[in-house]
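Just below is one structure, and these are the notes that go with it.
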Amino acid sequence: MEIHKHNLRSLRSMLDKREISAVELVELYIKRIKEVDHKTNSYITVCEEEALLQAKEAQKLINSGSSGSLTGIPVSLKDNICTKDIRTTCASKMLEDFYPPYDATVVKKLKACGAVLLGKTNMDEFAMGGSSQTSYFGGVKNPYDLSRVPGGSSGGAAVSVAAGLAPVSLGSDTGGSIRQPASFCGVTGLKPTYGTVSRYGLIAFASSLDQIGPIAKSAEDCGIILDSIAGYDSDDPTTAHRGAPGSCSKIGMPLNNLKIGIPKEFFGDGINEDVKAAVFAAVKEYEKMGCQVLEVSFPSLKYAIAAYYLISSAEASSNLSRYDGIKFGYRSKNGESYEELIKNTRAEGFGDEVKRRILLGTYALSSGYYDDYYKKAAYVRQKIKEDYNRIFNTCDVIITPTAPTTAYMIGEQESNPVKMYLADICTVTVNIAGLPAISTTCGYDGKGMPIGMSIVGRPFDESTIIGVADAFERNFERQEVSI
Amino acid sequence: MRYIPVIGLEIHAELSTSSKVFCTCSAQFGGEQNTRCCPRCAGLPGTLPVLNKKAVEYAVKAGLSLDCAINMYNSFDRKNYFYPDLPKAYQITQFDKPVCINGGVDIGGKIIRINRIHLEEDAGKLIHDDFEGISLADFNRCGVPLIEIVTEPDISSAEEARAFVEAVSLRLRYAGVCDCKMEEGSLRVDVNISIMPEGSAQLGTRAEIKNLNSLKSIVRAIEYEISRQSEILDSGGKVVQETRRFNDNRGTTNALRSKEEAHDYRYFPEPDIPAVIFTEEDIENIKASLPKMPQKRFEEYTKDFGLSEDDARLIISDKALSDFYDNAVAEYPNYKGIANFILVELLHQLNKNEASIDSLAFSPSEIAQLVRLSDESKISKNAAKDILRIMFEKGGKPEVIAKENGFLMDTNVDAVIAAIKEVMDQNQKAVDEYKAGSEKVFGFLMGQVTRKLGKGSNPKIIREELTKALKGG
Chain D
1 MEIHKHNLRS LRSMLDKREI SAVELVELYI KRIKEVDHKT NSYITVCEEE ALLQAKEAQK
61 LINSGSSGSL TGIPVSLKDN ICTKDIRTTC ASKMLEDFYP PYDATVVKKL KACGAVLLGK
121 TNMDEFAMGG SSQTSYFGGV KNPYDLSRVP GGSSGGAAVS VAAGLAPVSL GSDTGGSIRQ
181 PASFCGVTGL KPTYGTVSRY GLIAFASSLD QIGPIAKSAE DCGIILDSIA GYDSDDPTTA
241 HRGAPGSCSK IGMPLNNLKI GIPKEFFGDG INEDVKAAVF AAVKEYEKMG CQVLEVSFPS
301 LKYAIAAYYL ISSAEASSNL SRYDGIKFGY RSKNGESYEE LIKNTRAEGF GDEVKRRILL
361 GTYALSSGYY DDYYKKAAYV RQKIKEDYNR IFNTCDVIIT PTAPTTAYMI GEQESNPVKM
421 YLADICTVTV NIAGLPAIST TCGYDGKGMP IGMSIVGRPF DESTIIGVAD AFERNFERQE
481 VSI
Chain X
484 MRYIPVIGLE IHAELSTSSK VFCTCSAQFG GEQNTRCCPR CAGLPGTLPV LNKKAVEYAV
544 KAGLSLDCAI NMYNSFDRKN YFYPDLPKAY QITQFDKPVC INGGVDIGGK IIRINRIHLE
604 EDAGKLIHDD FEGISLADFN RCGVPLIEIV TEPDISSAEE ARAFVEAVSL RLRYAGVCDC
664 KMEEGSLRVD VNISIMPEGS AQLGTRAEIK NLNSLKSIVR AIEYEISRQS EILDSGGKVV
724 QETRRFNDNR GTTNALRSKE EAHDYRYFPE PDIPAVIFTE EDIENIKASL PKMPQKRFEE
784 YTKDFGLSED DARLIISDKA LSDFYDNAVA EYPNYKGIAN FILVELLHQL NKNEASIDSL
844 AFSPSEIAQL VRLSDESKIS KNAAKDILRI MFEKGGKPEV IAKENGFLMD TNVDAVIAAI
904 KEVMDQNQKA VDEYKAGSEK VFGFLMGQVT RKLGKGSNPK IIREELTKAL KGG
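Heads up: the protein sequence lines correspond to chains D and X, in order. Just so you know, this note's numbering puts 280 at position 280 of the first sequence, and the rest follows in order with no gaps. Positions in the second sequence are counted from 1; adding 483 to them yields this note's numbering.
This is the structure in structure tokens:
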């Protein structure tokens with residue numbers, strides 16, 4: 001088997017047995033990126049020099065027999081995660097030349113494990129979108145069909161794993177941005193419970209929803225990565241005071257007492273038939289494993305998209321106000337006064353989708369509209385949490401489709417933002433309630449495009465959803481993409 | 484027509500924590516431009532605020548010292564507006580859950596109610612270079628913790644406003660939460676003012692005067708604004724609701740922006756900072772850490788200690804002085820005597836030596852001992868001043884200094900009686916003259932006895948014993 005198709009456990013064993021060196025491994029990936037990525041455009045920046053240096057250091061650790069689970073393992077990072085002295089663009093003209101003076105907490109943790117930073121992956125601008133086509137650095141293409149979108153916003157991260165351009169990747173998920181591209185690209189993506197992974201150094205989109213998480217070839221790989229990046233961080237007061245997550249602790253455990261909730265609202269008219277069929281088939285597999293399947297209801301789902309777009313856009317409108325051309329980032333060459341300078345800077349520096357969200361969020365917070373929009377959305381948020389709490393009284397996990405459709409054609413939906421927004425229906429409630437969810441491939445449609453299902457768990461119960469996803473993955477034949 | 488001014492204040496006080504409210508940068512005043520800031524307070528992408536617990540504690544202390552109730556559930560909000568000195572383009576503040584509510588300060592018989600106190604972060608500073616035509620931003624002040632104290636519109640004159648600001652400053656200094664140096668901007672005041680015809684119950688339209696940074700400009704701005712608004716109303720005009728700026732050079736205010744141009748701050752809950760929830764015990768602990776407040780001390784000094792209001796006010800005007808006084812009278816409770824000695828002699832020496840009460844070479848108890856020596860006639864009043872001067876220079880116990888320098892007055896009555904007998908024997912003629920009614924010679928005899936007894940003789944005892952001897956003989 002080609003090395004780029006190996007999972008983490010296998011790469012670990014090869015490195016530790018000296019079947020390959022950390023430097024060789026990185027060189028192999030860099031070579032593949034050079035050969036392949038001009039087709040998929042999954043990287044914005046490749047850190048060749050730094051990666052080789054890090055690999056040499058990692059090899060020393062391996063040679064000294066003190067390697068950890070990620071020592072010498074190349075990792076790609078979504079380009080909204082700050083890396084010291086390595087440009088971090090958020091796929092925006094606004095930050096085209098932004099070199100952060102610090103590492104994000106997750107980067108510090110990865111470096112401390114001896115992981116090797118391969119490069120920064122492409123995405124929707126400021127993580128706003130589900131197609132990875134709004135990037136200032138050009139759209140990302142799906143390796144299963146280069147005329148199709150890879151999903152988003154962590155499209156580059158998902159493609160880097162799917163196309164064998166990185167063994168694992170970190171993305172960020174505000175309303176589905178890890179799970180949906182994982183689904184479109186036939187890989188596994190985990191959105192951890194809010195507060196599990198530090199957001200320090202993650203360039204904020206919507207602070208109360210954002211969470212960093214892994215994209216990898218399997219649930220187990222996701223769990224290994226999560227164990228390395230999770231934990232309380234004094235730099236992020238919203239992280240939870242919890243011990244080591246032990247994310248893979250339930251892998252291989254019997255599922256015969258597991259209760260799976262199937263909320264019928266997630267399988268409504270808007271969901272593609274192929275998708276429904278594949279998810280139901282997967283649920284059947286779980287029944288065969290001895291799980292009990294319960295139909296449950298989620299009445300607040302019909303308000304979820306509206307609430308999500310109000311909350312996320314409101315927070316974004318505030319988070320993105322700092323891009324005024326004064327201290328860092330793009331500055332317009334035109335503008336006599338401060339007001340003119342800031343107007344021109346923002347008009348020229350942000351793309352259309354970002355501007356649309358800023359407008360929406362600003363409007364939702366404006367005096368006279370706050371009660372009707374932001375406040376009502378906050379109320380819906382409460383209702384969504386209540387629905388989840390009620391379901392988790394009787395169920396251990398919930399299974400839903402990850403997206404209503406499989407990957408669609410580039411250019412097919414971008415002109416209709418509302419249709420794009422509605423496509424987030426299956427993923428946003430998880431962020432609104434702060435829950436963990438994992439998306440794994442459960443089938444392929446008629447055109448061979450991957451279909452994802454999402455397994456949602458109780459707060460901080462990542463180990464269960466990883467165990468449940470792993471049980472399915474063991475009996476499922478993934479169709480590796482050849483590119 | 485006569486008008487009644489209706490005035491409310493917003494006092495911004497920088498808290499004197501050592502670090503900023505959401506990062507570990509120094510919160511001290513000054514410093515070379517942009518040396519006291521970091522990615523966090525400069526609002527770089529990806530950074531997050533980490534709340535300084537000390538700042539919250541200081542805000543609670545401020546509230547308790549101004550007789551406020553404390554909100555047990557504290558959350559933060561974002562106030563959004565664009566300005567180059569505000570790096571995140573929003574200020575983290577408290578909108579609907581301020582840390583303190585419902586306080587009040589008595590300014591000599593009238594209570595000015597405090598509506599709320601909330602905790603927020605200060606912005607940076609812009610430096611305008613008109614010559615070059617550029618503006619530069621200094622972010623050293625960004626993120627310095629600030630409390631905003633908002634009063635009810637209970638103030639009716641410039642003098643009341645001044646008295647209120649003085650009283651608040653004094654209490655904040657006592658609580659140790661703000662140095663209240665208006666000249667350094669650590670205390671800044673916004674004035675909301677309207678006027679209404681005497682006898683009317685209908686409030687007038689208010690103007691807000693921003694950023695007054697001295698007691699004098701508060702008084703002048705209010706007085707100017709009362710006359711400006713009065714003239715408008717007298718001439719049949721209408722006061723416009725607007726924000727105004729006070730021009731210190733001209734002593735006038737001018738319009739900054741009207742109500743229509745007012746910002747829409749789009750407040751919403753700050754998602755990056757979890758709520759701070761106090762227990763009763765937390766509040767009790769903070770309360771216990773506060774010193775006795777100046778108004779309590781004033782009452783004690785005037786009612787229990789019998790000091791004059793002026794003396795009491797003078798002592799409480801400086802917490803260190805008041806602490807010094809309290810410690811001295813705890814050792815020796817001659818309240819008035821010690822107050823006089825401190826206010827006259829000690830302050831005189833402090834001024835002369837340009838010294839501060841915190842850095843004296845002697846303790847309050849030693850001042851108490853010095854006053855006691857004088858009270859007990861062991862030293863003379865003049866000797867007490869000399870001893871204080873020596874204590875200022877080198878420190879030391881007053882009794883030891885008195886002894887070493889021969890200030891101690893002899894209280895050996897037998898020696899005095901013996902000396903008197905000797906003098907009377909040697910000056911029979913003078914004694915006879917005295918007995919014949921000439922009181923003039925008393926001074927002569929007194930002098931003779933004193934000379935015989937030498938330095939350190941006690942004139943009071945000599946006078947008493949000599950009188951007794953002359954009358955009795």
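Backbone N, C-alpha and C fix where the C-beta goes; we use that ideal spot for every residue, glycine too. Since this is a predicted model, take the numbers as computed values, not measurements.
For residue 749 of chain X, decide whether its Cβ has a neighbour in chain A, counting only Cβ atoms nearer than 8 angstroms.
Among the protein chains of the structure shown, namely D and X, there is no chain A.
Where the segment 568 to 600 of chain X meets chain D: residues whose CB sits under 8 angstroms from a CB there:
570, 571, 572, 573
Can you check whether the CB of residue 553 of chain X is closer than 8 angstroms to the CB of residue 766 of chain X?
Your numbering for residue 766 of chain X matches position 283 in the second sequence. Your numbering for residue 553 of chain X matches position 70 in the second sequence. Yes, the Cβ-Cβ distance between residue 766 of chain X and residue 553 of chain X is below 8 angstroms.
For the putative contact between residue 91 of chain D and residue 79 of chain D, defined by C-beta atoms under 8 angstroms, what is the C-beta separation to the nearest angstrom?
On the first sequence, residue 91 of chain D is found 91 positions in, with the first residue counted as 1. On the first sequence, residue 79 of chain D is found 79 positions in, with the first residue counted as 1. Right, the Cβ-Cβ distance comes to about 6 angstroms (below 8 angstroms), so this counts as a contact.
Along the chain, where does the beta strand (DSSP E) containing residue 730 of chain X start, and where does it finish?
Start at 1 with the first residue of the second sequence, and residue 730 of chain X comes out as number 247. Start and end: 725 to 730.
May I have the straight-line CA-CA distance separating residue 922 of chain X from residue 862 of chain X, to the nearest angstrom?
Within the second sequence, the letter at position 439 stands for residue 922 of chain X. Within the second sequence, the letter at position 379 stands for residue 862 of chain X. The alpha-carbon atoms of residue 922 of chain X and residue 862 of chain X are separated by roughly 28 angstroms.
What span of residues does the beta strand (DSSP E) with residue 170 of chain D cover, start to end?
Counting from one through the first sequence, the residue named residue 170 of chain D turns up at place 170. Where residue 170 of chain D is concerned, the enclosing beta strand (DSSP E) stretches over 168 to 173.
Does the distance from the C-beta atom of residue 46 of chain D to that of residue 33 of chain D stay below 8 angstroms?
As a first step, residue 46 of chain D must be located in the first sequence, where it is residue number 46. As a first step, residue 33 of chain D must be located in the first sequence, where it is residue number 33. Yes; because the gap between Cβ atoms is below 8 angstroms, this pair is in contact.
Secondary structure of residue 794 of chain X, DSSP reduced to three states:
Here residue 794 of chain X corresponds to residue number 311 of the second sequence, with the count starting at 1. Here residue 794 of chain X sits in helix by DSSP.
According to the Cβ coordinates, are residue 82 of chain D and residue 228 of chain D closer than 8 angstroms?
Translated into the one-based positions of the first sequence, residue 82 of chain D becomes position 82. Translated into the one-based positions of the first sequence, residue 228 of chain D becomes position 228. Not in contact: residue 82 of chain D and residue 228 of chain D (Cβ atoms no closer than 8 angstroms).
Report the three-state DSSP secondary structure of residue 556 of chain X (helix, strand or coil).
For the purposes of this step, residue 556 of chain X is identified with residue 73 of the second sequence, where counting begins at 1. Reduced to three states, the DSSP call for residue 556 of chain X is strand.
So which of X/879, X/484, X/572 has the shortest CA-CA distance to residue 957 of chain X?
A query on residue 957 of chain X cannot be resolved here, the shown segment of chain X reaching from 484 to 956 and no further.
Below 8 angstroms, can you find three or more Cβ-Cβ pairs linking the segment 494 to 508 of chain X to the segment 462 to 477 of chain D?
no
Can you check which of these residues, D/100, D/326, D/429, is closest to residue 386 of chain D by C-alpha distance?
Counting from one through the first sequence, the residue named residue 386 of chain D turns up at place 386. It is D/429.
From which residue to which residue does the beta strand (DSSP E) around residue 73 of chain D run?
In the first sequence, counting from the first residue as 1, residue 73 of chain D sits at position 73. Here residue 73 of chain D belongs to no beta strand (DSSP E), and DSSP marks it neither H nor E.
If contact means a Cβ-Cβ distance below 9 angstroms, which residues of the segment 619 to 645 of chain X contact chain D?
620, 622
So, residue 287 of chain D versus residue 206 of chain D, is the Cβ gap smaller than 8 angstroms?
Mapped onto the first sequence, residue 287 of chain D falls at position 287. Mapped onto the first sequence, residue 206 of chain D falls at position 206. No.
Let's test the definition: count the other Cβ atoms within 10 Å of the Cβ of residue 143 of chain D and tell me whether it reaches 16, buried, or not, exposed.
Here the question's residue 143 of chain D lines up with position 143 in the first sequence. So residue 143 of chain D counts as buried.
According to the Cβ coordinates, are residue 192 of chain D and residue 180 of chain D closer than 8 angstroms?
Here residue 192 of chain D refers to the residue found at position 192 of the first sequence. Here residue 180 of chain D refers to the residue found at position 180 of the first sequence. No. Outside cutoff.
Nearest by alpha-carbon distance to residue 850 of chain X: which of X/521, X/656, X/821, X/859 is it?
Mapped onto the second sequence, residue 850 of chain X falls at position 367. Measuring from the Cα of residue 850 of chain X, the nearest candidate turns out to be X/821.
Chain X contact residues for residue 238 of chain D, given Cβ-Cβ distances below 9 angstroms
Residue numbering aside, residue 238 of chain D sits at position 238 when the first sequence is read from its first letter. Those within 9 angstroms of residue 238 of chain D in chain X are 531, 754, 755, 756, 757.
Could you name the residues of the segment 325 to 352 of chain D whose beta carbon sits closer than 7 angstroms to any beta carbon of chain X, in the order they occur along the chain?
326, 327, 328, 338, 342
Proximity winner among D/97, D/441, D/72, D/147, relative to residue 412 of chain D (alpha-carbon distances):
Your numbering for residue 412 of chain D matches position 412 in the first sequence. Residue D/147 is the option with its Cα nearest to residue 412 of chain D.
Using the DSSP secondary-structure output, state which residues sit across from residue 671 of chain X in a beta bridge.
As a first step, residue 671 of chain X is located in the second sequence; it is residue number 188 there, counting from the start. Residue 671 of chain X is bridged to X/495.
Please name the residues in the segment 14 to 31 of chain D whose beta-carbon is closer than 7 angstroms to at least one beta-carbon of chain X, in chain order.
none
Interface residues of chain X around residue 104 of chain D at Cβ under 7 angstroms?
Here residue 104 of chain D is taken as the residue at index 104 of the first sequence, counted from 1. Those are 529, listed as they occur along chain X.
Around the Cβ of residue 65 of chain D, are there at least 16 other Cβ atoms within 10 angstroms (buried) or fewer (exposed)?
Numbered from 1 along the first sequence, position 65 holds the residue referred to as residue 65 of chain D. With fewer than 16 Cβ atoms within 10 Å of its Cβ, residue 65 of chain D is classed as exposed.
DSSP puts residue 587 of chain X in a beta bridge; with which residues?
Locating residue 587 of chain X in the second sequence gives position 104, counting from the first residue. X/596, per the DSSP bridge assignment.
By Cβ distance below 6 angstroms, which residues in the same chain neighbour residue 353 of chain D in space, the five residues on each side in sequence not counted?
As a working note, residue 353 of chain D is residue 353 in the first sequence. Cβ neighbours of residue 353 of chain D beyond the five flanking positions: 128, 129, 134.
Assuming residue 362 of chain D contacts residue 561 of chain X (C-beta within less than 8 angstroms), just tell me the rounded distance between them.
Start at 1 with the first residue of the first sequence, and residue 362 of chain D comes out as number 362. Start at 1 with the first residue of the second sequence, and residue 561 of chain X comes out as number 78. At roughly 13 angstroms, the Cβ-Cβ gap does not stay under 8 angstroms, so residue 362 of chain D and residue 561 of chain X are not in contact.
Span separating the alpha-carbon of residue 513 of chain X from that of residue 519 of chain X:
Position 30 of the second sequence, counted from the start, is the residue given in the question as residue 513 of chain X. Position 36 of the second sequence, counted from the start, is the residue given in the question as residue 519 of chain X. Their Cα atoms are separated by approximately 9 angstroms.
Can you name, in chain order, every residue of its own chain whose Cβ lies under 7 angstroms from the Cβ of residue 857 of chain X, other than the five neighbours on each side?
Taking the first residue of the second sequence as position 1, residue 857 of chain X is located at position 374. Taken in chain order, the residues that qualify are 864, 867.
Is it buried or exposed, residue 319 of chain D, if we count other Cβ atoms within 10 angstroms and call 16 or more buried?
Position 319 of the first sequence holds residue 319 of chain D. So residue 319 of chain D counts as buried.
Is there a C-beta anywhere in chain X that falls below 8 angstroms from the one on residue 312 of chain D?
In the first sequence, the residue the question calls residue 312 of chain D occupies position 312. Judged by the 8 angstroms Cβ criterion, residue 312 of chain D is not in contact with chain X.
Our contact map puts residue 440 of chain D next to residue 188 of chain D with C-beta atoms below 8 angstroms; I'd like the distance itself, whole angstroms only.
Within the first sequence, numbered from 1, the residue matching residue 440 of chain D stands at position 440. Within the first sequence, numbered from 1, the residue matching residue 188 of chain D stands at position 188. Rounded, the Cβ-Cβ distance is 5 angstroms, consistent with contact.
So residue 655 of chain X packs on residue 502 of chain X, CB below 8 angstroms; how close in whole Å?
Here residue 655 of chain X refers to the residue found at position 172 when the second sequence is read from its first residue. Here residue 502 of chain X refers to the residue found at position 19 when the second sequence is read from its first residue. Not confirmed; about 19 angstroms, so no contact.
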